[in-house]
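Working notes, structure below.
Protein chains in written order, with the numbering used here: chain A, 9 to 243; chain B, 2 to 212.
Laid out in structure tokens, this is it:
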């Protein structure tokens, strides 16, 4: 067999390979479908029991959707890196000599797809459980909000997942580090979603300013994450 | 020289796992690393793969200076550590396909590697989680064959393999050597390892000496 390992693969191919691998593992193991979705659904129901008032629930529905998403994010990120560290595959990725920023984007895109699937179910749950209404213009705002907020959460989740992947006590460390960082996403996404739902008399137009903040957050952590990810999982 | 270490110190978890290692390895050699547990064999292999930073000394692997740039050597070496580097929810074939896509290997390379390690029959469609320890090791070795590395770094490669698997592995390593690759491997199975190796190094207390 010829001995030559000098071939370099393009960044796009690495992004695609890592993305497909993560999605394929999810389709096979169904952790998000069978464990995270029921967990997030239970959180929504528990909120409904705890608040027990239709007016209050309609007013805070946006915040509850994004809180349930954040709680689920911790589990999905842990799982996303557990599959890489369980049998030393993360080491093999490092030794493969590939562009680790491509691994970052591949994992972030896969994480975003899982989060979007989760958020669709949670928003549908909010409509059914909390009886919120969404107008046509509100729907446009809501879809934009979901895309921007999810991008930010996926980038920051992948970055911090990589940071804690090899750390002792990573299960508790990840939420501790991640929660303060995603606070701007929680606030902005909640305000935008409330505007989309028209909660508390909010106008749809009021939500667009928050979309700007979400887009900036996603851009900062997308660029910063791609630059820092390689060094973080290497040390 | 493929590997050249001079007075290399590597600190791992505040402990000098390599404490002034000096040795050289030429192209085409199969070098056995022997020594007690905790002697620094794994650290030595991981340092050669560019995974651990060097605190002092000078080290060159495949013309890459590890002191200044330990990253560029990575796509030239193949490392098989204690873990197999496999995804347990994927099948053998899917694992092979993933790693081959990352390094740009052809389908033919994958098929050949799977045939060499006896994975091309019903095992190819089996989830890695359902394989025995030896079968997982064979799958990990197949991914290494696909990489066509210039320097093979193997930590206990025979562990978990049955007699047939061990014979196949030895044959594969000799074939890699004939193709121009160099092999460094740590093993506690001294008799088999000495038959395979062209030279032995002893690692003890973070130092490397000729056996």
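Beta carbons are placed, not taken as given, at the ideal position from N, Cα and C, and that holds for glycine.
Could you check what DSSP says for residue i in three-state terms: helix, strand or coil?
i             : result
residue 37/B  : coil
residue 47/A  : helix
residue 63/A  : helix
residue 154/B : strand
residue 31/B  : strand
residue 66/B  : strand
residue 149/A : helix
residue 232/A : helix
residue 72/B  : coil
residue 50/B  : coil
residue 185/B : strand
residue 79/B  : strand
residue 71/A  : helix
residue 118/B : coil
residue 243/A : coil
residue 190/B : coil
residue 168/A : helix
residue 195/B : helix
residue 107/A : coil
residue 213/A : helix
residue 95/A  : coil
residue 182/A : helix
residue 108/B : helix
residue 206/A : coil
When you measure from the CB of residue i to every non-hydrogen atom of the ligand HEM, does any distance come out below 8 Å?
i             : result
residue 123/A : You won't find the ligand HEM in this model; it holds no ligand whatsoever.
Do residue j and residue i have their beta-carbon atoms positioned less than 9 Å apart in this structure?
i             : j             : result
residue 71/B  : residue 51/B  : yes
residue 26/A  : residue 110/A : yes
residue 81/B  : residue 151/B : no
residue 221/A : residue 192/A : yes
residue 95/A  : residue 86/B  : yes
residue 116/A : residue 41/A  : no
residue 83/A  : residue 43/A  : yes
residue 19/B  : residue 61/B  : no
residue 36/B  : residue 198/B : no
residue 78/A  : residue 55/A  : no
residue 108/A : residue 237/A : yes
residue 9/B   : residue 59/B  : yes
residue 231/B : residue 177/B : Residue 231/B cannot be examined here, being either before or after the span of chain B that is shown, 2 to 212.
To the nearest angstrom, how far is the alpha carbon of residue i from that of residue j?
i             : j             : result
residue 152/A : residue 104/B : 36 Å
residue 128/A : residue 67/A  : 19 Å
residue 113/B : residue 181/B : 18 Å
residue 227/A : residue 197/A : 15 Å
residue 10/A  : residue 21/B  : Because the pLDDT of residue 10/A is 43, which lies under 50, any placement of that residue in the model is unreliable, and the number read from its coordinates should be weighed accordingly. Straight-line Cα distance between these residues: approximately 34 Å.
residue 150/A : residue 204/A : 6 Å
residue 120/B : residue 130/B : 15 Å
residue 3/B   : residue 28/A  : 36 Å
residue 169/B : residue 118/B : 7 Å
residue 135/A : residue 79/B  : 53 Å
residue 232/A : residue 167/B : 46 Å
residue 80/A  : residue 154/A : 15 Å
residue 133/A : residue 15/B  : 51 Å
residue 104/A : residue 89/B  : 19 Å
residue 241/A : residue 168/A : 10 Å
residue 170/A : residue 66/B  : 27 Å
residue 100/B : residue 46/A  : 33 Å
residue 201/B : residue 195/B : 8 Å
residue 180/A : residue 186/A : 10 Å
residue 157/A : residue 75/B  : 36 Å
residue 64/A  : residue 207/A : 10 Å
residue 205/B : residue 91/A  : 34 Å
residue 122/A : residue 199/A : 23 Å
residue 225/A : residue 33/A  : 29 Å
residue 93/A  : residue 212/A : 44 Å
residue 140/B : residue 56/B  : 34 Å
residue 20/A  : residue 144/B : 21 Å
residue 108/B : residue 94/B  : 11 Å
residue 23/A  : residue 172/B : 35 Å
residue 139/A : residue 62/A  : 8 Å
residue 164/A : residue 114/A : 14 Å
Per DSSP, which one or two residues make a beta bridge with residue i?
i             : result
residue 25/B  : 5/B
residue 211/B : 202/B
residue 59/B  : 7/B
residue 128/B : 92/B
residue 40/A  : DSSP output for residue 40/A lists no bridge partner at all.
residue 201/A : DSSP, once it has assigned bridges, lists no residue as partnering residue 201/A.
residue 20/B  : 10/B
Does the segment 139-159 of chain A touch the segment 173-186 of chain A, meaning 3 or more C-beta pairs lie closer than 8 Å? Counting C-beta pairs closer than 8 Å gives fewer than three between the segment 173-186 of chain A and the segment 139-159 of chain A, which falls short of the contact rule.
Any contact between the segment 43-62 of chain B and the segment 152-167 of chain B? By contact I mean 3 or more CB pairs, one from each, below 8 Å. yes
Say whether the segment 205-225 of chain A touches the segment 25-37 of chain B, bearing in mind that this needs 3 or more beta-carbon pairs closer than 8 Å, one atom from each stretch. No, because fewer than three Cβ pairs between the segment 205-225 of chain A and the segment 25-37 of chain B fall closer than 8 Å, the two stretches do not touch.
Within 7 Å of chain E by C-beta, residues of the segment 92-112 of chain A in sequence order: The structure shown has no chain E; the protein chains it does contain are A and B.
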